[in-house]
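Here's the structure, in structure tokens; my notes come after.
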Amino acid sequence: MISSASAAAHPNIAFIKYWGNKDQDFRIPANGSISMNLKQLETRTTVSFDPSLVSDQLLLNGNLEDGIVLERVSTFLDRIRSMVEFKAFASVESENNFPTGAGIASSASAFAALSYAASSAAGMCLSERELSQWARMGSGSASRSIPGGFVEWQPGIDHESSFAFSFGDPIQWDLTDLIVLISREHKETGSSQGHTLADTSPIQKARVKDTNRRLEICRQAILERDFPVFADIVEQDCHLMHAVMMTSVPPLNYWHSGTLNVMRAVQFWRREGMQVCYTIDAGPNVHVICPTAEAKIVKDNLYSLEDVNSILECTPGGPARLLV
Ligand code: DP6
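The following block contains the structure:
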């Protein structure tokens with residue numbers, strides 16, 4: 311008998327970043343992190359365990375995948391299969407409503423939706439905490455796409471203690487993330503590989519040691535809707551992560567000239583009194599964050615820059631959910 315379930319999840323943008331693992335296999339992170347789900351972007355995934363299949367299949371945005379993409383999903387499904395009686399292979403169909411290859415991390419929403427759909431199809435009924443723990447094993451940042459709104463991932467020391475929870479629902483703060491698409495090129499080093507290099511940077515130790523301070527300032531700024539404090543800590547955290555990346559062996563540098571131009575413009579606008587700041591993940595695109603009331607003017611300003619011709623606009627999103 312075929313057993314299926316469907317789920318949806320949003321990607322998230324980290325304000326305090328996850329970079330480096332204490333345990334690579336279980337993705338127990340070196341430090342805690344804080345993020346916001348992105349409402350307008352979504353992954354929808356259906357998992358069907360089917361006894362007639364001879365291997366797992368993955369259809370991603372209509373394309374049949376193989377190689378490491380399929381392997382990563384299969385490894386995740388193996389973990390689920392090891393927990394339950396039946397051992398059927400699965401067909402996984404997943405669609406993103408945002409352009410693949412646009413440099414927007416999709417592993418967070420992908421593994422959040424996959425854990426929810428696969429565990430349901432396997433007959434497991436998991437709590438939000440358990441779902442977050444499962445999603446984490448697929449992709450660290452996916453643990454933060456299970457709860458809604460503003461989310462903190464407590465690093466923990468093992469599988470049980472490492473999970474994410476919400477500390478503010480989506481209406482806590484009306485922020486907008488204007489994602490400036492700088493390049494659609496495939497990045498050279500993905501984050502999974504990047505995490506393994508973090509400890510080769512002499513800066514990583516100091517960055518990890520200072521994390522609780524940054525988490526507290528960021529969490530408090532979100533709860534008090536204090537944009538100036540928020541802006542400074544988000545940019546400092548982003549710079550710290552990129553300093554680690556750039557000083558790793560071998561070094562990782564994700565910035566393009568357009569990335570730097572947007573960073574400088576945003577810093578200039580903030581000095582001029584605008585409420586705006588940026589953060590950057592493991593890629594060249596810039597997430598420009600501002601109160602939604604300022605989003606129109608910030609967007610107009612961004613489009614006036616030479617390197618900017620494509621922007622996605624996102625506000626705080628809810629939790630991962632089952633689709634019926
Ligand atoms: C820079 O969660 O993509 O976006 O666990 O290997 O899938 P894997 O890594 P991933 O790493 C995210 C790195 C980041 C920062 C962040 O989202 O916190």
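In the working numbering, the protein residues as written are 311 to 634.
Even glycine gets a Cβ: it sits at the ideal position worked out from N, Cα and C.
Small disclaimer: the values here were computed from a predicted structure and weren't measured.
Host alpha helix (DSSP H) of residue i (start-end)
i, result
"residue 383", "377-391"
"residue 610", "605-613"
"residue 515", "514-519"
"residue 569", "567-581"
"residue 505", "501-507"
"residue 348", "No alpha helix (DSSP H) holds residue 348; DSSP gives it neither H nor E."
Three-state secondary structure assigned by DSSP to residue i
i, result
"residue 556", "helix"
"residue 547", "helix"
"residue 477", "strand"
"residue 331", "strand"
"residue 323", "strand"
"residue 424", "helix"
"residue 534", "helix"
"residue 371", "coil"
"residue 435", "coil"
"residue 461", "strand"
"residue 398", "coil"
"residue 562", "coil"
"residue 430", "helix"
"residue 343", "strand"
Residue i versus residue j - alpha carbon distance
i, j, result
"residue 364", "residue 540", "51 angstroms"
"residue 325", "residue 316", "29 angstroms"
"residue 390", "residue 570", "42 angstroms"
"residue 366", "residue 552", "36 angstroms"
"residue 485", "residue 587", "11 angstroms"
"residue 606", "residue 396", "52 angstroms"
"residue 370", "residue 327", "27 angstroms"
"residue 434", "residue 632", "13 angstroms"
"residue 400", "residue 585", "47 angstroms"
"residue 579", "residue 392", "53 angstroms"
"residue 635", "residue 582", "With the chain covering 311 to 634 only, the question about residue 635 has no answer from this structure."
"residue 429", "residue 436", "8 angstroms"
"residue 348", "residue 608", "18 angstroms"
"residue 630", "residue 382", "20 angstroms"
"residue 565", "residue 447", "28 angstroms"
"residue 604", "residue 487", "11 angstroms"
"residue 618", "residue 624", "17 angstroms"
DSSP beta-bridge partners of residue i
i, result
"residue 628", "DSSP lists no partner for residue 628."
"residue 354", "318, 405"
"residue 617", "Partner(s): none; residue 617 has no beta bridge."
"residue 596", "490"
"residue 338", "333"
"residue 622", "489"
"residue 313", "359"
"residue 633", "316"
Host beta strand (DSSP E) of residue i (start-end)
i, result
"residue 444", "Premise fails: residue 444 lies in the alpha helix (DSSP H), 438-448, not in any beta strand (DSSP E)."
"residue 487", "485-490"
"residue 470", "Careful: residue 470 lies outside any beta strand (DSSP E) and carries neither H nor E."
"residue 364", "Taken as a continuous stretch (DSSP letters only), residue 364 belongs to no beta strand (DSSP E), as it is neither H nor E."
"residue 589", "587-589"
Three-pair Cβ contact test at 8 angstroms for the segment 345-361 versus the segment 540-555: Contact between the segment 345-361 and the segment 540-555 is absent, with fewer than three C-beta pairs closer than 8 angstroms.
Using 8 angstroms as the cut-off, can you tell me whether the segment 593-610 makes contact with the segment 504-520, which would need three or more C-beta pairs spanning the two stretches below that distance? Contact annotation: the segment 593-610 does not touch the segment 504-520, with fewer than three C-beta pairs closer than 8 angstroms.
Give a yes or no on contact between the segment 553-569 and the segment 493-505, applying the rule of three or more CB pairs nearer than 8 angstroms. Cβ pair count under 8 angstroms is three or more, so yes.
Closer than 8 angstroms is the cut-off here; do at least three beta carbon pairs connect the segment 465-482 with the segment 438-453? As far as the Cβ criterion goes, the segment 465-482 touches the segment 438-453, which means the pair count is three or higher.
Measuring CB atoms only, is the segment 451-458 touching the segment 415-431, in the sense that at least three cross pairs come out at less than 8 angstroms? Contact between the segment 451-458 and the segment 415-431 is present, with at least three C-beta pairs closer than 8 angstroms.
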